[in-house]
Amino acid sequence: MGTNLYPALAREVARDKFADVHLEYVVEGNINTAAVNMIEEIVRELRTPLRSRASDRRPDHEVEMGEILGSRGGGPVMASVTADLYIGDFTGGPAFIELKTPRPNLDIAAESKRKLLYELAICERAGILGAEAFLGLTYNPFITRERYDHSFTRQIMDMERQVLMGSELWDFIGGPGAYEELLSIIDRIQPTLG
Numbered sequence: 071m072g073t074n075l076y077p078a079l080a081r082e083v084a085r086d087k088f089a090d091v092h093l094e095y096v097v098e099g100n101i102n103t104a105a106v107n108m109i110e111e112i113v114r115e116l117r118t119p120l121r122s123r124a125s126d127r128r129p130d131h132e133v134e135m136g137e138i139l140g141s142r143g144g145g146p147v148m149a150s151v152t153a154d155l156y157i158g159d160f161t162g163g164p165a166f167i168e169l170k171t172p173r174p175n176l177d178i179a180a181e182s183k184r185k186l187l188y189e190l191a192i193c194e195r196a197g198i199l200g201a202e203a204f205l206g207l208t209y210n211p212f213i214t215r216e217r218y219d220h221s222f223t224r225q226i227m228d229m230e231r232q233v234l235m236g237s238e239l240w241d242f243i244g245g246p247g248a249y250e251e252l253l254s255i256i257d258r259i260q261p262t263l264g
């Protein structure tokens, strides 16, 4: 379901509100080598268990972007990542969303973080304003954001600024009420499925 149903569903929900919507969208552009090195350092440090880290780095989107965008040095290099979901005409600027199930393993959480940071750095260097990038958890088995307790996601992601979960994700891409509308549709078609 994670690799087929949810992305297709997300694309259709987003297309109800936006015109420039794509799955597996390649984002590429030049960024300097210092920014590349900073992204890789951030992800490497966050992947390391806190008790084993040389630094006390914790997920903090604003700090991370400040470090990346403030990195100077080295020549330009072409960077390229593929966004699970891209909404080019999102309000304020393009939106990139990595669609994942609510309990990604450490490798998936780290790769999602890497992609989000690259997407934003590429946009910033290209002068594209207002870009946003999120890890989109397609549902939340913990019911509320406060009860969400998956260690790998919490270890890698800034939960408040980089993660949309369950209803937050669907309402973000489809507008207020999109999640409730999805549930209503599922309730109506469920008896016909089985």
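Numbering of the sequence shown is given in the working numbering, commencing with residue 71 and proceeding in unit increments.
For each residue, glycine too, the CB sits at the ideal point set by N, CA and C.
- Boundaries for ALA124: no alpha helix (DSSP H) harbours it, and the DSSP string shows neither H nor E there.
- When the Cα atoms are used, ARG258 and PHE166 turn out to be separated by approximately 31 Å.
- By the CB criterion at 8 Å, VAL83 and GLY244 fall inside the cutoff.
- Contact check for ILE192 against GLY163 fails: the beta carbons are separated by 8 Å or more.
- A distance below 7 Å between beta-carbons, with the five flanking residues on each side excluded, links GLY99 to the following residues of its chain, in chain order: ALA149, ILE192, ARG195 and ALA196.
- When DSSP states are grouped into helix, strand and coil, LYS87 belongs to the coil group.
- In the three-state reduction of the DSSP assignment, HIS131 falls in the helix class.
- Rounded to the nearest whole angstrom, the C-alpha separation of GLY247 and ASP219 is 26 Å.
- When DSSP states are grouped into helix, strand and coil, ASP257 belongs to the helix group.
- Annotation for PHE242: the continuous alpha helix (DSSP H) segment containing it runs 237 to 244.
- Apart from sequence neighbours up to five positions away, the residues of its chain that approach GLY158 with a beta-carbon distance below 6 Å are ASP90 and PRO164, ordered along the chain.
- In the three-state reduction of the DSSP assignment, GLU111 falls in the helix class, which pools H, G and I.
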